[in-house]
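Notes follow the structure.
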Amino acid sequence: MGTRRSNDNDGASPGKIFIGGLARDTTSETFIKYFEKYGDITDFVIMKDRHTGRPRGFGFITFADPSVVDTVMQKDHVINGKQVEIKRTIPKGSSQSNDIKTKKLFVGGILTSVTEDEFKNFFSKYGEVVEHEIIRDHATKRSRGFGFIVFDSEEVVDNMLANGNLIDMEGTQVEIKKAEPKRASNPAPGPGYGLLEVLAVDLEIMVVMLVVVLILVVVMGGLVVVVFMVIMEIHHLVILAALVPMLVGLVGVV
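Going by UniProt numbering, the final residue of the sequence shown carries number 254, and the count climbs one at a time with no gaps.
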């Protein structure tokens, strides 16, 4: 493994991820040490400004086993005391990239000096921007180096990505990709009670309760009925409150 400088779009392998919002003092050693606990790393890079040589706050990691990416993306990550953003890097022209339809674009590697207006104005030349946000640190309000742009159509996003995942933003290359919904960290619930089953059980309980109330009305009088209703669940109490007068009237007729 070794650090490499890359200013061109060399595509992406299935095991490659984008890491945005890195603390500026994050070293290659810290970067590697953090991610190697998830699996073997075949390549990595922390991107630097071509003029100053200073870190730009984002980088890439490539894992030997692509399945590791799923594990990494399901977790929150804090490096050097700063929460970072993990995104899957989709190869140019891949079916996955083409199949995902979205109006939302993720932008990584934004200079911390870029304002919201500058951010919006830059991307407005590609299409109508309906929403925009540069993600900021909750405590310091400083830019975390990435953000999101929402256009008025999916075609704008597709057209921008047709030429790759890197674009020049006022002299600085930034990473762009379709914003994918974050995968749920918990698996979907297995077979169990669905809505119909729950309603059926609830209905059975209601029938039993109504029978009990009817017996209490006939045998013991209204006071016991009131006590019985107080100890019932709130949602059952509401329904019974509407039905009991009808039952009392029915008993009076009988």
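Every residue, glycine too, gets a C-beta built ideally from N, C-alpha and C.
Under DSSP, the alpha helix (DSSP H) around residue i begins and ends at which residues?
{"i": "Val157", "result": "154–161"}
{"i": "Val72", "result": "67–73"}
{"i": "Glu29", "result": "28–35"}
Take residue i and list the residues in its own chain whose beta-carbon comes closer than 6 angstroms to its own, dropping the five residues that flank it on each side.
{"i": "Val150", "result": "Lys103, Lys104, Val130, Glu131"}
{"i": "Gly39", "result": "Phe63, Asp65, Val68"}
{"i": "Ser13", "result": "Thr62"}
{"i": "residue 283", "result": "Lying outside 1 to 254, the shown extent of the chain, residue 283 is not represented and no answer is given."}
{"i": "Gln173", "result": "Leu166"}
Could you pull out every residue in the same chain whose Cβ sits closer than 8 angstroms to the Cβ of residue i, ignoring the five residues on either side in sequence?
{"i": "Val157", "result": "Thr102, Lys103, Lys104, Leu105, Phe151, Lys178"}
{"i": "Arg54", "result": "Arg24, Lys48"}
{"i": "Phe148", "result": "Lys104, Leu105, Phe106, Val107, Glu131, His132, Glu133, Ile135, Ala179"}
{"i": "Arg142", "result": "Thr112, Arg136"}
{"i": "Thr30", "result": "Ile79, Asn80"}
Can you tell me the Cβ-Cβ gap for residue i and residue j, rounded? I've got them flagged as a contact below 8 angstroms.
{"i": "Gly57", "j": "Val45", "result": "Between Val45 and Gly57 the Cβ distance is about 13 angstroms, and since that is not below 8 angstroms, they are no contact."}
{"i": "Ser153", "j": "Gly171", "result": "Going by Cβ atoms, the distance from Ser153 to Gly171 rounds to 28 angstroms, so no, they are not a contact pair."}
{"i": "Gly164", "j": "Gly108", "result": "Not confirmed; about 14 angstroms, so no contact."}
{"i": "Ile79", "j": "Thr26", "result": "6 angstroms"}
{"i": "Ile176", "j": "Phe146", "result": "Rounded, the Cβ-Cβ distance is 10 angstroms, inconsistent with contact."}
What residues are listed by DSSP as bridge partners for residue i?
{"i": "Asp136", "result": "Here residue 136 turns out to be Arg, not Asp, going by the sequence shown. Paired residue(s): Ser143."}
{"i": "Thr62", "result": "Lys16, Asp43"}
{"i": "Val150", "result": "Lys104, Glu131"}
Quick one: residues in its chain with C-beta nearer than 7 angstroms to the C-beta of residue i, no 5 flanking neighbours on either side, listed in chain order?
{"i": "Asp137", "result": "Arg144"}
{"i": "Phe35", "result": "Ile41, Ile61"}
{"i": "Lys120", "result": "Val129, His132"}
{"i": "Met169", "result": "Phe122"}
{"i": "Thr71", "result": "Tyr38"}
{"i": "Ile100", "result": "Lys178, Glu180"}
{"i": "Glu155", "result": "none"}
Along the chain, where does the beta strand (DSSP E) that runs through residue i open and close?
{"i": "Asp43", "result": "41–48"}
{"i": "Glu175", "result": "172–178"}
{"i": "Asp25", "result": "Premise fails: Asp25 is in no beta strand (DSSP E) and is neither H nor E."}
{"i": "Lys87", "result": "82–88"}
{"i": "Asp168", "result": "166–169"}
{"i": "His77", "result": "77–79"}
Looking at the structure shown, is residue i part of a helix, part of a strand, or coil, going by DSSP?
{"i": "Ile110", "result": "coil"}
{"i": "Leu105", "result": "strand"}
{"i": "Asp8", "result": "Here Asp8 scores only 40 on pLDDT, less than 50, and its place in the model is too uncertain to base an answer on."}
{"i": "Ile100", "result": "coil"}
{"i": "Lys120", "result": "helix"}
{"i": "Leu199", "result": "Here the model assigns Leu199 a pLDDT of 43, short of 50, so the residue's position is not dependable, and the following value carries that caveat. Of the three classes helix, strand and coil, the one that applies to Leu199 here is helix, per DSSP."}
Using a threshold of 7 angstroms, is the CB atom of residue i nearer than that to any non-hydrogen atom of the ligand FMN?
{"i": "Val69", "result": "Ligands are entirely absent from the displayed structure, and the ligand FMN is therefore not among its contents."}
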